[in-house]
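Residue numbering for the sequence shown is 968 to 1182, as defined by my numbering.
For reference, the structure discussed in these notes is given below.
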Amino acid sequence: MTKKNIDYWESLLKNIPEAYKKSLDKEEDYLVKNIKKDSKVLEIGCGGGRSLKSLLPIAKNLVGIDHDKTAVALAKGKFKDIPEIKILLQNAKNLNFDDNSFDYVICMISFSNFGKDKFKILEEMKRVVKKDGFIIISVFSENAFEERMKVYKDYNAPIKEIKGTTVIFEDSLGDGDNISEQFSKEELKSIFSKADLKVIEIKNIGILNICKLSK
């Protein structure tokens, strides 16, 4: 059976490299500290539900969407007995939610895979978050390339091409543009400015940068 992006990621989480673990732990701490109790939260690109699980003690209305049927089935299986979490198959470029629906929209690492669709997806995030709400995004940072390449090599990821620090995978990965990017703080500020989003902060947490934004 051909491995998909979610298969590689779930394998990584079971045997996580130290650099990834440190950054993901800091990412979780950031979410827990920044999301207010009983908020309504949407996660874009929820994968197997790693971040949603972290938020269960805080938020009681959690929605995760992913465009990958395998990821959605995996997350639904994990949370089948937890009514506070709803998992849906949706494309982030065309979210099936009303305007101003969520207190928070989060996107943890998945933003690194959006390629040319990133601006359309940011537009949708901005549309569905409330006027006084926040968008929280984590992405691979400018410090991540060496660690990313170690992981891709260890897992025999099907790389087609490397352009600078942008890695393009074979179509077999089944993940849209099959791209993985990393971004400096300045690059992120430029992207968010073009998307007409206000930057509250961009914080480096090792191989990740985590960003808090508002309308």
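Just so it is clear, CB atoms sit at the ideal spot from N, CA and C, and this is done for glycine as well.
Please return the same chain residues whose Cβ sits closer than 8 Å to the Cβ of residue i, not counting the five positions on each side in sequence.
{"i": "L980", "result": "G1015, R1017"}
{"i": "E1137", "result": "P1125, I1126, K1127, N1145"}
Is DSSP giving residue i helix, strand or coil here?
{"i": "I1167", "result": "strand"}
{"i": "N1145", "result": "coil"}
{"i": "I912", "result": "For residue 912 there is no data in the structure shown, the boundaries of the chain being 968 and 1182."}
{"i": "S1006", "result": "coil"}
{"i": "M968", "result": "For M968, the predicted model reports a pLDDT of 45, less than 50, meaning its position is unreliable; a value from the coordinates is still stated below. In this structure, M968 counts as coil in the three-state DSSP scheme."}
{"i": "L980", "result": "helix"}
{"i": "K1098", "result": "strand"}
{"i": "N1028", "result": "strand"}
{"i": "L1023", "result": "coil"}
{"i": "I1011", "result": "strand"}
{"i": "E1051", "result": "coil"}
{"i": "A1060", "result": "First, the amino acid is wrong: residue 1060 is Lys here, not Ala. DSSP places K1060 in coil when its eight states are reduced to three."}
{"i": "T1132", "result": "coil"}
Should residue i be labelled buried (16 or more other beta-carbon atoms within 10 Å of its own) or exposed?
{"i": "G1131", "result": "exposed"}
{"i": "F1078", "result": "buried"}
{"i": "D1039", "result": "In the sequence under discussion, the amino acid at residue 1039 is Val, which differs from the Asp named in the question. Buried is the call here."}
{"i": "L1056", "result": "exposed"}
{"i": "N982", "result": "exposed"}
{"i": "E1010", "result": "buried"}
{"i": "K1085", "result": "buried"}
{"i": "D1070", "result": "buried"}
{"i": "N1080", "result": "buried"}
So, at 7 Å on beta carbons, what are the nonlocal neighbours of residue i in its own chain, with the 5 sequence-adjacent residues on each side left out?
{"i": "M968", "result": "Any reading at M968 is ruled out, since the residue's pLDDT is 45, under 50, leaving its predicted position unreliable."}
{"i": "I1135", "result": "K1127, E1128, N1145, I1146"}
{"i": "W976", "result": "G1014"}
Skipping 5 residues on each side, what residues in its chain have a beta carbon closer than 6 Å to that of residue i?
{"i": "L1062", "result": "E1091, V1095"}
{"i": "F1064", "result": "V1095"}
{"i": "A1111", "result": "Q1149, I1174"}
{"i": "K993", "result": "I1172"}
Kindly give me the distance between the Cβ atoms of residue i and residue j, rounded to whole angstroms, as I take these residues to be in contact under 8 Å.
{"i": "A1026", "j": "D1005", "result": "7 Å"}
{"i": "Y1102", "j": "L1029", "result": "Checking the sequence shown, residue 1102 turns out to be Ile, not Tyr. Wrong, their Cβ atoms sit about 16 Å apart, outside the cutoff."}
Determine, using beta-carbon pairs with one atom in the segment 1051–1061 and one in the segment 1020–1039, whether at least three such pairs fall under 8 Å. As far as the Cβ criterion goes, the segment 1051–1061 touches the segment 1020–1039, which means the pair count is three or higher.
Counting Cβ pairs, one atom from each stretch, are 3 or more of them under 8 Å apart for the segment 1105–1116 and the segment 1147–1154? yes
Decide if the segment 1088–1106 is in contact with the segment 1031–1047; the criterion is three or more beta carbon pairs, one per stretch, under 8 Å apart. no
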